[in-house]
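Numbering (my numbering), first residue to last: 97 to 717.
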């Protein structure tokens, strides 16, 4: 059976294709399309497989799939907003073969029953869910009829009884909440920008900040995303596309001048993907605000949708979606796999409340207020509001999440100038906040790289030993460095069996394999990796240069430049194979000048280099 994927809301880029001979979609035609268009290329071995299902499974890309006419209709409905009969939820095929609830619509049977984003559909009316059968086919039915939905949630199996009814798919809803113009956007469709513009015009007078809630937004159209971002940012480049040959293309933002100049707080979750990540990247690149919530999904590829309009191979309403590009934010950063790391990493239960605390208008008198300077924006917090019982948990976590780059001022008087910056931990103690737990590591304070260590720790990108300490001066093994880098990049565990001396089931096996799968590391000449060997600084540099080339447009183009004679002289202390990587990291402001290339790398040195690189290539906001 052909590979089916239902209701996957991802970036769809409409590109014209040359006219092709008229016929129904056949296997050879599908092979031709994949061979010509797929961004990573498809090997002859894979193309030799005898079914489309087998080919798509071998490619292993959840965004490249065939759609029946019913599937394609549902896809368009989900993206563009229509009235459908059902339960009011969208779903995607999960990597474990089940279907994951992606978003739950307002005023829907799913919302009323308690269905949540992230729930995995186990069965419908007792019939087990299958990746070969679209959830629409199982859930669809006449209005007024009931069904029983069995889902898995955090290891628990739950059962819900729902009644099907007509459900409006409102792409955008908005309202004033406290001092914020709160806009909930569940997809970037044809009507999204128009409705968001309506929201801005209706609320701009009363809103101190904009909250753009993208926590249940898995993407949509690139044009719709650009139009929406432009409403807050004005003119510029929205993103870069790069194809498999290394060619890149710019997609500009339309021009919307002077519509609003207020900062945007983008709410994110693990379900925010594709267009949502592009929107957040635009806000980051143009210093339009911050992101708050959880790390996003990590869908950084673009697809074309082939249908009967742009491809004559497609007949009778069928369609095929093929990954053709990787995309990058205007600042050159990828979100593919790594996602977008929000400016403030906040738990799901406190995300909205923390954002609303930052929506306080600039006070006429600063007394009993906080001023937080973050990512080029000033946010204010009313302590009267923050210390209320229902807000205290969110306020506590807000202070815990502030990175070292944030500056907090606490005024008990009449001016901000009279009070210097205060550390979040000291402020929490002064205010008597119970439960405040600093994310930083106590022994990092004495390190010359304390700022970098604290930054990574605040974002949960590194941790200490069992004793709660970081031990900055300890040496680092090759396995430990791979584990640190893989965690920072959010890489899923790789395929086992890469190296004979990396034992399956060891604590580092998944990370080492993941780094190898990405092409960031390789073994020794004998095929072994040497996981317990101490890593040198120049080995770290070589690995991170490959990371930069993959993760950013700047790193990619640096890596294409040959070594000049002056470069060879400048980096002569490095081995020949490490000189280009050293130059690349130096130009990215990530090379530590006082680190000896051949010396064993320490934990503080590895953390500092990784942090500086992530900041330089905008993986840290």
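The beta-carbon is built from N, C-alpha and C at its ideal position, and this holds for glycine as well.
Separation of residue j from residue i, as counted between CA atoms
{"i": "residue 262", "j": "residue 368", "result": "26 Å"}
{"i": "residue 429", "j": "residue 266", "result": "31 Å"}
{"i": "residue 494", "j": "residue 279", "result": "21 Å"}
{"i": "residue 139", "j": "residue 599", "result": "29 Å"}
{"i": "residue 459", "j": "residue 303", "result": "14 Å"}
{"i": "residue 131", "j": "residue 151", "result": "11 Å"}
{"i": "residue 737", "j": "residue 705", "result": "Limits of the chain in this structure are 97 at one end and 717 at the other, which puts residue 737 out of reach."}
{"i": "residue 470", "j": "residue 715", "result": "16 Å"}
{"i": "residue 519", "j": "residue 384", "result": "25 Å"}
{"i": "residue 711", "j": "residue 482", "result": "30 Å"}
{"i": "residue 70", "j": "residue 524", "result": "Not covered by the structure: residue 70. The range shown for the chain is 97 to 717."}
{"i": "residue 246", "j": "residue 254", "result": "6 Å"}
{"i": "residue 563", "j": "residue 548", "result": "21 Å"}
{"i": "residue 709", "j": "residue 567", "result": "22 Å"}
{"i": "residue 381", "j": "residue 329", "result": "10 Å"}
{"i": "residue 207", "j": "residue 144", "result": "46 Å"}
{"i": "residue 312", "j": "residue 220", "result": "23 Å"}
{"i": "residue 163", "j": "residue 314", "result": "18 Å"}
{"i": "residue 160", "j": "residue 418", "result": "5 Å"}
{"i": "residue 191", "j": "residue 588", "result": "Because the pLDDT of residue 191 is 47, which lies under 50, any placement of that residue in the model is unreliable, and the question is left without a value."}
{"i": "residue 526", "j": "residue 506", "result": "11 Å"}
{"i": "residue 441", "j": "residue 665", "result": "42 Å"}
Beta-carbon spacing of residue i, residue j below 7 Å
{"i": "residue 659", "j": "residue 675", "result": "yes"}
{"i": "residue 333", "j": "residue 350", "result": "no"}
{"i": "residue 129", "j": "residue 148", "result": "no"}
{"i": "residue 291", "j": "residue 375", "result": "no"}
{"i": "residue 594", "j": "residue 612", "result": "yes"}
{"i": "residue 339", "j": "residue 421", "result": "yes"}
{"i": "residue 434", "j": "residue 586", "result": "yes"}
{"i": "residue 677", "j": "residue 638", "result": "yes"}
{"i": "residue 624", "j": "residue 596", "result": "yes"}
{"i": "residue 465", "j": "residue 455", "result": "no"}
{"i": "residue 451", "j": "residue 235", "result": "no"}
{"i": "residue 424", "j": "residue 345", "result": "no"}
Residue i, enclosing alpha helix (DSSP H) - first and last residue
{"i": "residue 323", "result": "318 to 329"}
{"i": "residue 294", "result": "288 to 299"}
{"i": "residue 142", "result": "140 to 143"}
{"i": "residue 662", "result": "661 to 666"}
{"i": "residue 380", "result": "371 to 381"}
{"i": "residue 197", "result": "It is not in any alpha helix (DSSP H) - residue 197 instead sits in the beta strand (DSSP E) that spans 195 to 200."}
{"i": "residue 497", "result": "488 to 497"}
{"i": "residue 652", "result": "649 to 656"}
Under the three-state DSSP convention, the category residue i falls into
{"i": "residue 221", "result": "coil"}
{"i": "residue 468", "result": "strand"}
{"i": "residue 713", "result": "coil"}
{"i": "residue 161", "result": "strand"}
{"i": "residue 547", "result": "helix"}
{"i": "residue 682", "result": "helix"}
{"i": "residue 606", "result": "helix"}
{"i": "residue 213", "result": "coil"}
{"i": "residue 137", "result": "coil"}
{"i": "residue 719", "result": "Not covered by the structure: residue 719. The range shown for the chain is 97 to 717."}
{"i": "residue 636", "result": "helix"}
{"i": "residue 529", "result": "coil"}
{"i": "residue 430", "result": "strand"}
{"i": "residue 616", "result": "coil"}
{"i": "residue 337", "result": "strand"}
{"i": "residue 191", "result": "Confidence in residue 191 is poor, its pLDDT being 47 and thus under 50, which makes the residue's placement too unreliable to answer from."}
{"i": "residue 540", "result": "helix"}
{"i": "residue 672", "result": "helix"}
Boundaries (first-last residue) of the beta strand (DSSP E) holding residue i
{"i": "residue 563", "result": "First-last for residue 563: undefined, no H or E at that position."}
{"i": "residue 424", "result": "415 to 424"}
{"i": "residue 398", "result": "397 to 402"}
{"i": "residue 389", "result": "385 to 389"}
{"i": "residue 345", "result": "344 to 349"}
Residues that residue i bridges to, as DSSP identifies them
{"i": "residue 535", "result": "Note: residue 535 sits in no beta bridge, so no partner."}
{"i": "residue 284", "result": "316"}
{"i": "residue 521", "result": "None, per the DSSP bridge assignment."}
{"i": "residue 260", "result": "DSSP lists no partner for residue 260."}
{"i": "residue 476", "result": "455, 467"}
{"i": "residue 698", "result": "571"}
{"i": "residue 270", "result": "279"}
{"i": "residue 255", "result": "246"}
{"i": "residue 441", "result": "389"}
{"i": "residue 503", "result": "469"}
Residue i beta carbon near the ligand MN (any heavy atom closer than 6 Å)
{"i": "residue 306", "result": "Of the ligands one can find in the structure shown there are none, so the ligand MN has no counterpart to examine."}
Cβ of residue i within 7 Å of any chain D Cβ
{"i": "residue 572", "result": "Note that chain D does not occur in the displayed structure, where there is just one protein chain."}
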